[in-house]
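The structure appears right after this line, and notes come after that.
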Amino acid sequence: MKVLVVDDEPQILRALRINLSVRGYEVTTASTGGAALRAAAEKHPEVIILDLGLPDIDGIEVLAGLRGWSTVPVIVLSARTDSSDKVEALDAGADDYVTKPFGMDELLARLRAAVRRSATTADTAEPVIETASFTVDLAAKKVTRHGRDVHLTPTEWGVLEMLVRHQGKLVGRRELLREVWGPSYATETHYLRVYLAQLRRKLEDDPSQPKHLLTEAGMGYRFQS
1 MKVLVVDDEP QILRALRINL SVRGYEVTTA STGGAALRAA AEKHPEVIIL DLGLPDIDGI
61 EVLAGLRGWS TVPVIVLSAR TDSSDKVEAL DAGADDYVTK PFGMDELLAR LRAAVRRSAT
121 TADTAEPVIE TASFTVDLAA KKVTRHGRDV HLTPTEWGVL EMLVRHQGKL VGRRELLREV
181 WGPSYATETH YLRVYLAQLR RKLEDDPSQP KHLLTEAGMG YRFQS
């Protein structure tokens, strides 16, 4: 498993390189945004740990640059603790957000969860779900809208897949959070608001009046074809 760690603090780079390497990860490090984008293009990491406070390019811009061509899971690692910073990072395509100082065991658990969510498995028996606005191919893990591929992050796909597999049924907020993010995220309901808004912008003909990705106030979400 190849991991790219991006941080301008040498001690954090060293600690993560050591801890990840002893667990069998192949680690590449970068201390600037420019170096991070080059390393991502050259090394093709399977997961990225990204600091937001970089000396040359803000981490959000790095994330936006990555999302222009890659769906690799990105875990943001930042000293910024304000909820608006977290929402901005998630909205820009981050798969998770860890604040500094952090526990190594928790970070490693989140890394494993991000990798699990992004793993693809071929299953030709999986159905293709069609709506008036978009088509979901569960086997190919692919979404098309009006004949064009729609770029989804691994977490966006995880949310959509969970809802599509329970077509017509209410999926509770806690159930959705546990399935996509993990048991420790059962109360992080703001994640769902961000990701459902992103999915509606990408998939619904009128995101303000969704016909397929529906909210059941106070309870959860429902996919209606």
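Residue 94 in UniProt numbering sits at position 94 of the sequence shown, and the numbers go up by one each step. Cβ coordinates follow ideal geometry from the N, Cα and C atoms, glycine included.
Minimum C-alpha distance to P55 - residue among T189, T32 and E216 | On the sequence shown, residue 55 is found 55 positions in, with the first residue counted as 1. From the listed residues T189, T32 and E216, the smallest Cα separation to P55 is found for T32.
Start-to-end residues for the beta strand (DSSP E) that takes in D96 | For the purposes of this step, residue 96 is taken as residue 96 along the sequence shown, with counting starting at 1. Per DSSP, D96 belongs to the beta strand (DSSP E) from D96 to T99.
Provide the residue span of the alpha helix (DSSP H) that contains Y221, from first to last.
-> If you number the sequence shown from 1, residue 221 lands on position 221. Counting along the chain, Y221 falls outside any alpha helix (DSSP H), though it belongs to the beta strand (DSSP E) covering G220 to F223.
Within the same chain, show all residues whose beta-carbon is closer than 6 Å to that of T131, passing over the 5 residues directly before and after it, in chain order.
-> Residue mapping note: residue 131 aligns to position 131 of the sequence shown, counting from 1. H212 and S225, listed in sequence order.
The beta strand (DSSP E) with residue 255 in it runs from where to where?
-> Not covered by the structure: residue 255. The range shown for the chain is 1 to 225.
Express the C-alpha separation of D95 and D85 in angstroms, rounding to a whole number.
-> Indexing the sequence shown from 1 puts residue 85 at position 85. Indexing the sequence shown from 1 puts residue 95 at position 95. In a straight line, the C-alpha of D85 is about 14 Å away from that of D95.
DSSP on A79, reduced to helix/strand/coil?
-> One-based indexing of the sequence shown puts residue 79 at position 79. Of the three classes helix, strand and coil, the one that applies to A79 here is coil, per DSSP.
With a 10 Å radius around its C-beta and 16 neighbouring C-beta atoms as the bar for buried, classify S118 as buried or exposed.
-> Here the question's residue 118 lines up with position 118 in the sequence shown. Buried, by the Cβ-count rule.
Where do the ends of the beta strand (DSSP E) carrying L4 lie?
-> Position 4 of the sequence shown, counted from the first residue, corresponds to residue 4. From DSSP, the beta strand (DSSP E) with L4 extends over K2 to V6.
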